[in-house]
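A.B. asks: Got a structure for you, written out below as structure tokens; questions coming shortly.
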Amino acid sequence: ARPLPRPGRAVLRDAAGRPRGRRHQGRGPRGGGRVADLAAPQDGESAAFLVINRNKRGITLDLKQPEGVEVLTRLAQRADVLIENFRTGTMEAFGLGWERLAALNPRLIYCSISAFGRTGPRRDGAGYEALMQAFSGIMSITGEPDGPPVRCGVSFLDLTTGILCAFGIVNALLDRQRTGLGQRVDGSLLETAVGLLNYHAEGYLLSDEEILQKIDELVQQGGVEALIQGGLNPKLKIDYYERLFRLIRQHYPQVIIHGLSPTEILYIAHISRLSVRECLQRLIAAGLNSIPGAGGEILVDRVRQQIAPFKDTAQEWLDFMREAHHMGLRSTASMMYGHVETLEERVEHFIRLREVQDETGGFTAFVCWNFQPEGTDLPLARKATPAEYLRTVAVARLMLDNFDHLQASILTQGPKVITVALRYGLDDMGSTMIEENVVSAQGSKFILNAQEIERVIRSAGFIPKRRNTRYEWVENK
17 ARPLPRPGRA VLRDAAGRPR GRRHQGRGPR GGGRVADLAA PQDGESAAFL VINRNKRGIT
77 LDLKQPEGVE VLTRLAQRAD VLIENFRTGT MEAFGLGWER LAALNPRLIY CSISAFGRTG
137 PRRDGAGYEA LMQAFSGIMS ITGEPDGPPV RCGVSFLDLT TGILCAFGIV NALLDRQRTG
197 LGQRVDGSLL ETAVGLLNYH AEGYLLSDEE ILQKIDELVQ QGGVEALIQG GLNPKLKIDY
257 YERLFRLIRQ HYPQVIIHGL SPTEILYIAH ISRLSVRECL QRLIAAGLNS IPGAGGEILV
317 DRVRQQIAPF KDTAQEWLDF MREAHHMGLR STASMMYGHV ETLEERVEHF IRLREVQDET
377 GGFTAFVCWN FQPEGTDLPL ARKATPAEYL RTVAVARLML DNFDHLQASI LTQGPKVITV
437 ALRYGLDDMG STMIEENVVS AQGSKFILNA QEIERVIRSA GFIPKRRNTR YEWVENK
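Be aware that the sequence shown starts at 17, since it is given in our numbering, and climbs by one per residue.
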């Protein structure tokens, strides 16, 4: 409530259930206590107490007694705002919940502040600043890099939650001028902490040891390529990826680093203040061998504006591929269809890929898959069928005759559909995967091992042959 008191506005502080010896109203140049003049507690009241409770009148109520509940009920009937920070459910137990008081005073703004919020498995739990800094993970990113978790010196979760709730109250008061009705405002320390951690939470990183452990697992199973992709982390500039690639190259020089989509590299170049060419030069010098064709979606800006408005444009994606190919990098090309695009826009996608391939010859293969709507907010009339996948593959084989290879999307289609698709123009099964966290998040779980892939190829009447990322033959194991 501290941000709310102003001249002409009465604020009553209720020390409910925690008796104090006297009432206090701060008096100072602007109605608040002059904290700078109080080096130590005076008359039993500290500077901290005065700074928090300036411009307030205090009253002590025992809400466990009917008389205390009656007094607070009468006050709430003529108040503009009520703020409480008990555990969730405590005010309801007193008979002072939002529903009851709003029925008595429909104009009341009722603000509740708690540790964990009013929903979720910990809604009934108590919490305070230090506990919530630890629980949210804030302590883990505070202090020395090799030291223990450290509590922030300022109780910024308490303060920020108060500020956010004050904004909520002001908005509710503004809306009340229009509707005549009050509102419920909820705030919690955990929600505040998570909101303040947005960059760190999105940018969770594997340690060097975890990365090397994953690469070692790849090598032990006979893998030759590490596919590395992630999100757009505003704190990870070019030097992070240089160090990462050099780390892998130092320990596993034989592993091909197939990493970073065009969208990722464009973003890295942007936040590192580098041209795309300079960024690619440094990544190649650090060990990057080739790049995935992710993010192609449909190379028509009308479509991209609807499904991914903040991604690179179609022209930016194509220009990036041209630059990468001219610098000696090879890449795949992709298409995700079956969402908001038209058949004509799919054809336009093929034509634009074909034009770049005529110019650079840098695409090693084309792979397409249908949009997986499960777990997304994009409304769809229907999900693309296996028959539509087969037709799309067949058209791609005809239109992309300057691509040497067409790759199957085992993850989204499964072995039965792919067995048929091998007769529609596909000649490449992609690779086995040890770990996949993108497509599988939408419900697709068709991850096959080497033996299962070989069975699919043989059942379609073909002979399996292993290759690496560069489409060089390697010995079957």
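Every residue gets a Cβ at the ideal spot worked out from N, C-alpha and C, and that includes glycine. A quick note: this is a predicted structure, and the numbers were derived from the prediction, not measured.
Given Ser171, which residues of its chain have a CB within under 7 Å of its CB, disregarding the five upstream and five downstream residues?
C.D. replies: For this step, residue 171 is matched to residue 155 along the sequence shown. Contacts found: Glu145.
A.B. asks: Enumerate in chain order the residues of its own chain whose CB-to-CB distance from Arg262 is below 7 Å, with the five nearest sequence positions on each side excluded.
C.D. replies: For this step, residue 262 is matched to residue 246 along the sequence shown. So the qualifying residues of the chain are Ala302 and Gly303.
A.B. asks: Can you tell which of Thr376, Glu313, Glu360 and Tyr256 has its C-alpha closest to the C-alpha of Asp335?
C.D. replies: Within the sequence shown, numbered from 1, the residue matching residue 335 stands at position 319. The shortest Cα separation from Asp335 among Thr376, Glu313, Glu360 and Tyr256 belongs to Thr376.
A.B. asks: Assuming Thr348 is part of the beta strand (DSSP E), what are its boundary residues?
C.D. replies: In the sequence shown, counting from the first residue as 1, residue 348 sits at position 332. Arg346 to Tyr353 is the span of the beta strand (DSSP E), which, as asked, contains Thr348.
A.B. asks: If you measure between the beta carbons of Tyr440 and Leu416, is that distance less than 8 Å?
C.D. replies: Here residue 440 is taken as the residue at index 424 of the sequence shown, counted from 1. Here residue 416 is taken as the residue at index 400 of the sequence shown, counted from 1. Taking 8 Å as the Cβ cut-off, Tyr440 and Leu416 do not qualify as a contacting pair.
A.B. asks: From this set, Phe132, Ser447 and His341, which residue's C-alpha is nearest Leu243's C-alpha?
C.D. replies: Working through the sequence shown from its first residue, we reach residue 243 at position 227. Comparing Cα-Cα distances from Leu243 to each of Phe132, Ser447 and His341, the minimum goes to Ser447.
A.B. asks: Taking DSSP as the reference, what is the three-state secondary structure of Asp202?
C.D. replies: Stepping through the sequence shown from its first residue, residue 202 is reached at position 186. The answer is strand: DSSP assigns Asp202 an E or B state.
A.B. asks: Give, in chain order, every unbroken run of the beta strand (DSSP E) that is at least 3 residues long and sits entirely within the stretch 122-201.
C.D. replies: 125-130
A.B. asks: Are Ser12 and Thr135 close, meaning C-beta to C-beta below 8 Å?
C.D. replies: In the structure as shown, the chain begins at 17 and stops at 493. Residue 12 is therefore absent and cannot be evaluated.
A.B. asks: Distance, Cα to Cα, Leu427 vs His286?
C.D. replies: As a working mapping, residue 427 is identified with position 411 in the sequence shown. As a working mapping, residue 286 is identified with position 270 in the sequence shown. Taking the straight line joining both Cα atoms gives about 32 Å.
A.B. asks: Based on DSSP bridge pairs, tell me the residues matched to His274.
C.D. replies: Translated into the one-based positions of the sequence shown, residue 274 becomes position 258. His274 is bridged to Leu243 and Ser306.
A.B. asks: Taking 8 Å as the limit between beta carbons, can you name the residues of its chain near Arg320, skipping five residues before and five after?
C.D. replies: Counting from one through the sequence shown, the residue named residue 320 turns up at place 304. Cβ within range, chain order: Glu313, Ile314, Lys327, Thr329 and Ala330.
A.B. asks: Which same chain residues end up closer than 7 Å to Val87 when comparing Cβ atoms and leaving out the 5 residues on each side of it in sequence?
C.D. replies: Sequence index remark: in the sequence shown, residue 87 carries index 71 (1-based). Same-chain partners within the cutoff: Leu77.
A.B. asks: DSSP state of Glu360, grouped into three classes?
C.D. replies: In the sequence shown, the residue the question calls residue 360 occupies position 344. If DSSP states are grouped into helix, strand and coil, Glu360 belongs with the helices.
A.B. asks: Where does Asp420 fall in DSSP's three states?
C.D. replies: Sequence index remark: in the sequence shown, residue 420 carries index 404 (1-based). Per DSSP, reduced to three states, the secondary structure at Asp420 is coil, with no helix or strand assignment.
A.B. asks: Can Ile284 and Leu345 be called in contact, C-beta distance under 8 Å?
C.D. replies: Counting from one through the sequence shown, the residue named residue 284 turns up at place 268. Counting from one through the sequence shown, the residue named residue 345 turns up at place 329. Not in contact: Ile284 and Leu345 (Cβ atoms no closer than 8 Å).
A.B. asks: Expressed to the nearest angstrom, what Euclidean distance is found between the alpha-carbon atoms of Leu442 and Ala150?
C.D. replies: The residue labelled residue 442 in the question sits at position 426 within the sequence shown. The residue labelled residue 150 in the question sits at position 134 within the sequence shown. Taking the straight line from one Cα to the other gives about 52 Å.
A.B. asks: Is it right to say Ala403 is buried, meaning 16 or more other beta carbons lie within 10 angstroms of its own, or is it exposed?
C.D. replies: On the sequence shown, residue 403 is found 387 positions in, with the first residue counted as 1. Exposed, because fewer than 16 other Cβ atoms sit within 10 Å of the Cβ of Ala403.
A.B. asks: What does the alpha-carbon distance come out to for the pair Gly153 and Lys230?
C.D. replies: Mapped onto the sequence shown, residue 153 falls at position 137. Mapped onto the sequence shown, residue 230 falls at position 214. Near 25 Å, if we compare the C-alpha coordinates of Lys230 and Gly153.
A.B. asks: Please name the residue or residues paired with Asn69 in a DSSP beta bridge.
C.D. replies: Position 53 of the sequence shown, counted from the first residue, corresponds to residue 69. Beta-bridge pairing links Asn69 to no other residue.
A.B. asks: What does the Cβ neighbour count give for Trp489, buried or exposed, with the cut at 16 atoms within 10 Å?
C.D. replies: Stepping through the sequence shown from its first residue, residue 489 is reached at position 473. Classification of Trp489: exposed, given that the 10 Å Cβ count is below 16.
A.B. asks: Measuring straight from C-alpha to C-alpha, what distance separates Met352 and Leu180?
C.D. replies: The count along the sequence shown starts at 1 and reaches residue 352 at position 336. The count along the sequence shown starts at 1 and reaches residue 180 at position 164. Using only the alpha carbons, I get a separation of about 41 Å.
A.B. asks: Would you kindly work out how many angstroms separate the C-alpha atoms of Ile479 and Leu414, rounded to a whole number?
C.D. replies: If you number the sequence shown from 1, residue 479 lands on position 463. If you number the sequence shown from 1, residue 414 lands on position 398. Straight-line Cα distance between these residues: approximately 23 Å.
A.B. asks: Closest to Gly246 by CA distance: which of Tyr257, Gln237, Leu212 and Ile323 is it?
C.D. replies: By one-based count along the sequence shown, residue 246 stands at place 230. Measuring from the Cα of Gly246, the nearest candidate turns out to be Tyr257.
A.B. asks: My output table needs one value for Val316: the three-state DSSP class, helix, strand or coil.
C.D. replies: Numbered from 1 along the sequence shown, position 300 holds the residue referred to as residue 316. DSSP places Val316 in coil when its eight states are reduced to three.
A.B. asks: So, is Phe183 buried or exposed, given that buried needs 16 or more other C-beta atoms within 10 angstroms?
C.D. replies: The residue given as residue 183 occupies position 167 in the sequence shown. Phe183 counts as exposed, since fewer than 16 other beta carbons sit within 10 angstroms of its beta carbon.
A.B. asks: Going by other Cβ atoms of all chains shown within 10 Å of its Cβ, with 16 needed for buried, is Lys72 buried or exposed?
C.D. replies: Counting from one through the sequence shown, the residue named residue 72 turns up at place 56. By the neighbour-count rule (16 or more Cβ atoms within 10 Å), Lys72 is buried.
A.B. asks: Which residues in the same chain have their Cβ closer than 7 Å to the Cβ of Gly111, if we skip the five residues on either side of it in sequence?
C.D. replies: The sequence position of residue 111 within the sequence shown is 95, counting from 1. If we look at Gly111 and ignore the five residues flanking it on each side, its Cβ neighbours are Val85.
A.B. asks: Assign Pro278 to buried or exposed, taking buried as 16 or more other Cβ atoms, counted over all protein chains shown, within 10 Å of its Cβ.
C.D. replies: Within the sequence shown, numbered from 1, the residue matching residue 278 stands at position 262. It is buried - the Cβ of Pro278 has at least 16 other Cβ atoms within 10 Å.
A.B. asks: Among all the DSSP beta bridges, which residues are the ones paired with Cys295?
C.D. replies: In the sequence shown, the residue the question calls residue 295 occupies position 279. Answer by DSSP bridge pairing: none, since Cys295 is not bridged.
A.B. asks: Flag Thr177 as yes if its beta-carbon sits less than 8 Å from any beta-carbon of chain C, otherwise no.
C.D. replies: Although the question refers to chain C, the structure presented lacks it and comprises just one protein chain.
A.B. asks: If you measure between the beta carbons of Ser130 and Asn101, is that distance less than 8 Å?
C.D. replies: Stepping through the sequence shown from its first residue, residue 130 is reached at position 114. Stepping through the sequence shown from its first residue, residue 101 is reached at position 85. Cβ distance < 8 Å, so Ser130 and Asn101 count as in contact.
A.B. asks: Taking the CB atoms as reference points, tell me whether Tyr126 and Gly211 lie closer together than 8 Å.
C.D. replies: The residue given as residue 126 occupies position 110 in the sequence shown. The residue given as residue 211 occupies position 195 in the sequence shown. Cβ distance not < 8 Å, so Tyr126 and Gly211 don't count as in contact.
A.B. asks: What is the DSSP secondary structure of Glu404, reduced to helix, strand or coil?
C.D. replies: Position 388 of the sequence shown, counted from the first residue, corresponds to residue 404. If DSSP states are grouped into helix, strand and coil, Glu404 belongs with the helices.
A.B. asks: Would Ala308 be called buried (16 or more neighbouring beta carbons within 10 Å of its own) or exposed?
C.D. replies: As a first step, residue 308 is located in the sequence shown; it is residue number 292 there, counting from the start. A small correction: the amino acid at residue 308 is Pro; Ala does not occupy that position in the sequence shown. Pro308 should be labelled buried.
A.B. asks: Below 8 Å on the Cβ atoms is my guess for Gly378 versus Ser347; work out the distance and round it to an integer in Å.
C.D. replies: Taking the sequence shown and counting its residues from 1, the one referred to as residue 378 is at position 362. Taking the sequence shown and counting its residues from 1, the one referred to as residue 347 is at position 331. Gly378 to Ser347, Cβ: 6 Å. Contact.
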